[in-house]
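Below is one structure, written out as structure tokens; comments come after it.
Protein chains: 6
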Amino acid sequence: MRLDRMSVSALEARFAAGQRGIILPLGSLEQHGAPGLLGTDAICAQAVADGAAARADGVSAPVLAYGQAQFHLGRAGTASLRPSTLMAVLVDVMTSLALGGFTRVLLLTGHGGNIAPAQAAVQEVMAEVSMGRLALPAPLTVKLRAWWEGPRLIGLRRALYGDREGFHATPSEVAIAMALHPEAAPEGWPTFRPLPADPLHDAGGDRHLDAARHRAMFPDGLIGSDPSLARAEHGHALLEAATADVAEVFAAFQAAPDHAAR
Amino acid sequence: MRLDRMSVSALEARFAAGQRGIILPLGSLEQHGAPGLLGTDAICAQAVADGAAARADGVSAPVLAYGQAQFHLGRAGTASLRPSTLMAVLVDVMTSLALGGFTRVLLLTGHGGNIAPAQAAVQEVMAEVSMGRLALPAPLTVKLRAWWEGPRLIGLRRALYGDREGFHATPSEVAIAMALHPEAAPEGWPTFRPLPADPLHDAGGDRHLDAARHRAMFPDGLIGSDPSLARAEHGHALLEAATADVAEVFAAFQAAPDHAAR
Amino acid sequence: MRLDRMSVSALEARFAAGQRGIILPLGSLEQHGAPGLLGTDAICAQAVADGAAARADGVSAPVLAYGQAQFHLGRAGTASLRPSTLMAVLVDVMTSLALGGFTRVLLLTGHGGNIAPAQAAVQEVMAEVSMGRLALPAPLTVKLRAWWEGPRLIGLRRALYGDREGFHATPSEVAIAMALHPEAAPEGWPTFRPLPADPLHDAGGDRHLDAARHRAMFPDGLIGSDPSLARAEHGHALLEAATADVAEVFAAFQAAPDHAAR
Amino acid sequence: MRLDRMSVSALEARFAAGQRGIILPLGSLEQHGAPGLLGTDAICAQAVADGAAARADGVSAPVLAYGQAQFHLGRAGTASLRPSTLMAVLVDVMTSLALGGFTRVLLLTGHGGNIAPAQAAVQEVMAEVSMGRLALPAPLTVKLRAWWEGPRLIGLRRALYGDREGFHATPSEVAIAMALHPEAAPEGWPTFRPLPADPLHDAGGDRHLDAARHRAMFPDGLIGSDPSLARAEHGHALLEAATADVAEVFAAFQAAPDHAAR
Amino acid sequence: MRLDRMSVSALEARFAAGQRGIILPLGSLEQHGAPGLLGTDAICAQAVADGAAARADGVSAPVLAYGQAQFHLGRAGTASLRPSTLMAVLVDVMTSLALGGFTRVLLLTGHGGNIAPAQAAVQEVMAEVSMGRLALPAPLTVKLRAWWEGPRLIGLRRALYGDREGFHATPSEVAIAMALHPEAAPEGWPTFRPLPADPLHDAGGDRHLDAARHRAMFPDGLIGSDPSLARAEHGHALLEAATADVAEVFAAFQAAPDHAAR
Amino acid sequence: MRLDRMSVSALEARFAAGQRGIILPLGSLEQHGAPGLLGTDAICAQAVADGAAARADGVSAPVLAYGQAQFHLGRAGTASLRPSTLMAVLVDVMTSLALGGFTRVLLLTGHGGNIAPAQAAVQEVMAEVSMGRLALPAPLTVKLRAWWEGPRLIGLRRALYGDREGFHATPSEVAIAMALHPEAAPEGWPTFRPLPADPLHDAGGDRHLDAARHRAMFPDGLIGSDPSLARAEHGHALLEAATADVAEVFAAFQAAPDHAAR
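Protein chains in written order, with this note's numbering: chain W, 13 to 274; chain R, 13 to 274; chain E, 13 to 274; chain G, 13 to 274; chain H, 13 to 274; chain V, 13 to 274.
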């Protein structure tokens, strides 16, 4: 169930039944190569969150459509929160959810650039509680996952795309967006360019470059990915896999008794 | 067109044609009486923004699903950003949009509690520019509207609900949510209670009470409204009216030359 | 009575008598056209606050002489707080007043640019209380007014200046400043220029432009006003009218029982 | 001349003559013993600033009526800014003054609790410039003084009150307030109590205790002072002495060429 | 070479030779079980940084002795920065290093709780650059490593401690502290307790619990580790291994040409 | 005893014996003339803190190696925290120490630029407590000292260096650094240049100039000091003197009963 389409009554009935978990998807609005959808990350995160909630008898929150994507700033349509801003948002939303009765929050990101700020935000809430600056009505537990890190999804994307998955505008996320928004039908992808060897950086999507340098290094906006491989039918299967992975994590998380209770 | 479902290529084509305006809807996740949808404000703001953009050949951004709703905190499912947090989000998003090529941003709120922080956020961006703390690539102009303040909408909701429109969980917004989410079908609304005379406060939705006092004053979560009057067919008509109002504002705003050009 | 010229003993006597309201005037230091007084807004707000307090057996606080006036930055003598700074000030002052025994604060602004940050500041205090971040010793209620929005004042200024009142360096405020500081005697006002039609902006004083663009649009510093019409004798009458308006609001506000008591 | 009672024209004439200095007085609103005026610190700072400006052909700004006075919080009528808030205010005001043409700012405090935040605020502005976060149009130099630290004033208060001057609600400041507000006429001062020996603290006014502990240690609100010695005629003489001291400092400060010019 | 024991002259000679990299170790002050050294994390991070710098002809900065350790707050001797505070520190230090001539910063943490804030801090600096809020004199590249994640160290600690390494107060770090501070000689370690199965949490050291719940779950302060296995001679070997690992990373990082140069 | 080399057990034993004081040294990393050690301030502060703790049966914390040194930014190797950042660090560390059982914190700075932010940070903690934003488990008392302000040290440095001590890169601090790091052996000091008469500034080290202007005024990085006079043997004697001075202050501070107890 999607929280924004639920009523207070329906939610209170869940709480009365002891179901106090929620999946909060984190998106981003950013370039995904010239033809890719700007909202790909939010679209995927929301879809996986909604699917997993449906499957695991849980609740999913509306996606935070704006994330931390500073490296893409200056490109048409990209928006980015500073990490400190994203942290403030998550601190307030997590505090609110706890005040309103939730005790388990699964942050589900669709964008790697959100991971560090999201983890730091959880630490910030806990620090404020530990320091005597914030009083929550009940213990709150938070877990963070990206939708692509479960075993089913990893297996499937490896089978479909091998080493052309890459780190941004990946064929996986493009395929899911195509499945969900067939009217968009991106075409004209740039030719695949493998990730260049780079002693300055580690492998991975967030290379800690400012936007100008990032653009110079990745002028077509792709980071070792080949989104031309994406097909809508892949997208349905990938969504199914990711949903199953996340539902499993969420179900166990929501059902687990609190430490204090053991 | 919805920005998150557009590509960089499509957006750049618009920019090349001189179309540099966007509608950014602001929502909230908060109680709307026991049976009302928690996401009513975001649902309405997004729908009106999308409709107005479609009608005026504009672009609408994905809604900010979380707003300033502190007075409802502690009720199941409500989330609130602090005003300072909402300001930080809007400062970053407006800055990003300007960096990426937009020069006109119409903030369209679906929730009264966002108005002051949104205005203050616009002032904050401008103050940072004026003080030499922030350099934008081109002049940015921002306008703020609520979706319910155009003449067509005002006329229609008065005709439909008269003095039972109220200030929160209004029949107008409930009707739009019903039109868009017929599966939700809220029922069992509390009996109508007119807004009590209150020398402590002005008329209007944001009474500047903390959540505990607000709840004591409005235990059923309604503020002078009678959402039991809402019908899905009203919703379609209200949406049409609001969309026409906002499209008119946006079209003139996007088309107007900048001061510097005159 | 002016709070800064009162003693703790005198104030405690008022509290013992149940009089726990205060008027807090908000000013600005900013250009008011070439000959206008830089402190016009603070001068007016303090005078109306003091007069209303005297008339309604209330207390007025010393004016906050600096406000949010970013659009005038760069002009000689203008000072501006960022909105976020003004909010921090008001959060601290409101918290302090509550800690020291006040339960009703009427914010009385003399400058339109303060309105959004002041409202957001009230929301911020309430949000902090609602979130469990701030504990106040007793319920605090805050109301915001501009000194020019009561019926007596509106009627009088319309009678005196018609559509030449404008939005900044208005003849009303200039007249009050002349009445209170006859030694200043501004002269040599620029020729009246009606507010230009402007599809980019709404009517009103705060146009959300940065200072450079604002100056380009309003080079003489006036915004649709004709301060050459101002006379000191008008000022005395306008002050009387505004004082009566605000005293009425304050008296009812201070006397009203709290919700919790009803 | 008082800046708030000057016009842009008059100020620009001063700038054209190379007079680019200003005195910015910093006050506080806080308990000064049961009979003392709550605004004593602001009253004194403003009076000395105005007098010194008049004497040295300078400009004085309107006082910041609220300062850092956390140790007095909870007592009727005291207001305090957090140090971080006071810093934000001073950063914005100093930046504004520099943007508007001032190059020399003499901060003149009437309250010891403002000193550390004011110094830190000057460092903050300079740090932002040094780090490339803030661009000022011309070099800004800031100096900080308390009104009581010049030689004439020190000599006179020693002669008048010897070791009964103390650190808060001092006879000096009370006398000046009496001279300026004879209608207030405080009486009924508590019996003099010398500052207790205290290995926990250094001598001086700011003992870094929270308000509850401060009140327990100084229940009558006096800190080693005997304000019953204050007389209005002392006040006139003390004001004259302080004014002369500060005028001397300001005149030299305003006239000194900038380093870059040497 | 340790930066704090170098002179400007010596550093400028390095810069002239094109050596512009630095290792910045991040520590923590926190409980390490009853007998463990509170500064273990800082001691290890500093030692590995100094050793790697010596080996790779680099420079190491003095350790930041305080980190993010909120989960241990309330235990004697633990100190924690909030994540937002740690980020502010790192933003300022990285900015400073860039202003002073460094272009490559290797953050080397000795504590897992610092990782998310450190990554977020790097993103924050880059976001400020990308948004036009901060101007650095030359491109800055930052990499983050923990001292224990290189292949030599991982192999050795596995050989020494197998699955008793755990996540906090690990025998590895205790052994290094013993090697460097033989006078401390911790003894009386609690009996080994394997990490309990916990569906609420992922494996790893930072479990996102507030301090009270963390203490309830880990009353002896150990998290799946058996520090009783630590020996000083292990420490010397572990330090050698970690030093070699980090030196290798740093040497490549410092020597790699910037993207802009390719 | 150095806190980072102590265990929880050892610290708890001290607490059980009523010894709840700590010395927290504050350093800086900044230019000290071309040949001086960049870490001189931290080296001295740590050494005096450790020595005083050893002498007075106290505990010393690890030094905060980074301080407020904005005026030296841009010179090779200098790092600076903004004052607001340093305050955040100290607020968190003081809060942590209080949560962990300390009740007396002696801040001991080795750098004048830290003094205002450190005092403001103490005020900030106390303000948060006074305002109901922070709850500490027991009363916390904080005192601030520079290591050079005790009588023994003042006498000795006057005897050794007379009026050539100056305000930065002083022979005193250089001598202590030489005594502790004989391998560094700075040489080639610039010729002594007395502090120029400067009507723009007061005497003292922190002249509130941004870094570019500071460098223009003090191109060799010395501020009225003659570090060529420094000798390692002086350093040992100066360290002894400062240690004795600080030990005396700390011993009385730690032993004094709290006000509440009297």
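Note that beta-carbon positions come from the ideal geometry of N, C-alpha and C, so glycine has one too. Predicted, not measured: the structure shown is a model, and the values here were computed from it.
Check                                                                                                                 : Outcome
Residue environment, Thr203 of chain W, which counts as buried when at least 16 other CB atoms sit within 10 Å        : exposed
Min CB distance Met143 of chain R to chain G below 8 Å                                                                : yes
Residue range of the beta strand (DSSP E) that includes Thr121 of chain R                                             : Arg116 to Thr121
Beta carbon proximity, Ile235 of chain H to chain V, threshold 8 Å                                                    : no
Given Ala158 of chain H as reference, the closest of H:Gly39, H:Gln82, H:Arg32 and H:Ala25 once Cα atoms are compared : H:Gly39
Residue-chain proximity (Leu146 of chain E, chain V), Cβ-Cβ < 8 Å                                                     : yes
is_contact[Ser21 of chain G, chain V] using C-beta, thresh 8 Å                                                        : no
Whole-angstrom distance between Gln80 of chain W and Pro47 of chain W, CA atom to CA atom                             : 21 Å
With 16 other Cβ atoms within 10 Å as the buried cut-off, status of Arg274 of chain V                                 : At Arg274 of chain V the pLDDT is 43, less than 50, meaning the model places this residue with poor confidence and gives no usable figure here.
The region 74-94 of chain H: positions lying closer than 8 Å to chain W by Cβ                                         : Gln80, Gln82, Phe83, Leu85, Gly86, Ser92 and Arg94
Cβ pair count under 8 Å reaching 3, the region 133-144 of chain E against the region 232-241 of chain E               : no
C-alpha gap between Leu152 of chain V and Met99 of chain W, whole angstroms                                           : 30 Å
Reference Gly247 of chain W; option with closest CA among W:Val261, W:Leu168 and W:Arg205                             : W:Leu168
Supposed contact pair Ala189 of chain R and Arg52 of chain R - C-beta distance, whole angstroms, cut 8 Å              : Checking the displayed sequence, the identity of residue 52 of chain R turns out to be Thr instead of Arg. With 8 Å as the limit, Thr52 of chain R and Ala189 of chain R qualify as a contact, their Cβ atoms being about 5 Å apart.
Contacts that Leu111 of chain G makes with chain R (C-beta to C-beta distance below 9 Å)                              : Ser142, Met143 and Gly144
For Arg227 of chain E, three-class secondary structure by DSSP                                                        : helix
With 16 other Cβ atoms within 10 Å as the buried cut-off, status of Pro269 of chain R                                 : exposed
Own chain, CB closer than 7 Å to Arg176 of chain H, minus 5 neighbours either side, in chain order                    : Pro183, Phe204, Ser237, Asp238 and Leu241
Same chain, Cβ closer than 6 Å to Gly63 of chain W, neighbours up to 5 away in sequence not counted                   : Thr255
Ile35 of chain H, DSSP secondary structure in three states                                                            : strand
Those residues which DSSP pairs with Ala158 of chain E across a bridge                                                : E:Thr121
Environment of Arg87 of chain H [buried if 16+ CB atoms lie within 10 Å]                                              : buried
Ordered list of alpha helix (DSSP H) runs contained in the region 17-90 of chain R, each at least 4 residues          : 20-28 and 52-67
Host alpha helix (DSSP H) of Pro163 of chain V (start-end)                                                            : Pro163 to Tyr173
Under 7 Å by beta carbon: chain V residues contacting Arg17 of chain H                                                : Leu49, Gly51, His193 and Ala196
Same chain only: Cβ atoms within 6 Å of Met75 of chain W, ignoring 5 sequence neighbours per side                     : The identity of residue 75 of chain W in the sequence shown is Val, whereas the question assumes Met. Cβ neighbours of Val75 of chain W beyond the five flanking positions: Pro37, Gly39, Ala54, Ala57 and Gln58.
C-alpha distance - Leu207 of chain V paired with Leu148 of chain E, whole-angstrom precision                          : 52 Å
Within-8 Å CB hit, Leu41 of chain E to chain G                                                                        : yes
N-terminal and C-terminal residue of the alpha helix (DSSP H) that Ala9 of chain W is part of                         : Summary: the structure shown does not reach residue 9 of chain W, with chain W confined to residues 13 through 274, and so no result is reported for it.
Coarse secondary structure for Arg94 of chain V, derived from DSSP in three states                                    : coil
Val60 of chain G to Phe230 of chain G span [Cα, whole Å]                                                              : 28 Å
Proximal residues, the region 115-139 of chain G versus chain V, C-beta separation under 9 Å                          : Arg116, Gly125, Ile127, Ala128, Pro129, Ala130, Gln131, Ala132, Ala133, Val134, Gln135, Glu136, Val137, Met138 and Ala139
Partner residues on chain R for Thr107 of chain G, Cβ-Cβ distance less than 9 Å                                       : Met143, Gly144 and Arg145
Within chain A, the residues that Asp222 of chain E reaches when beta carbons sit closer than 7 Å                     : No chain A is present in this structure, whose protein chains are W, R, E, G, H and V.
Cβ-Cβ separation, Ala73 of chain E to Leu15 of chain E (assumed contact under 8 Å), whole Å                           : 5 Å
Neighbour flag for Ala268 of chain E against chain R, beta carbons, 8 Å                                               : yes
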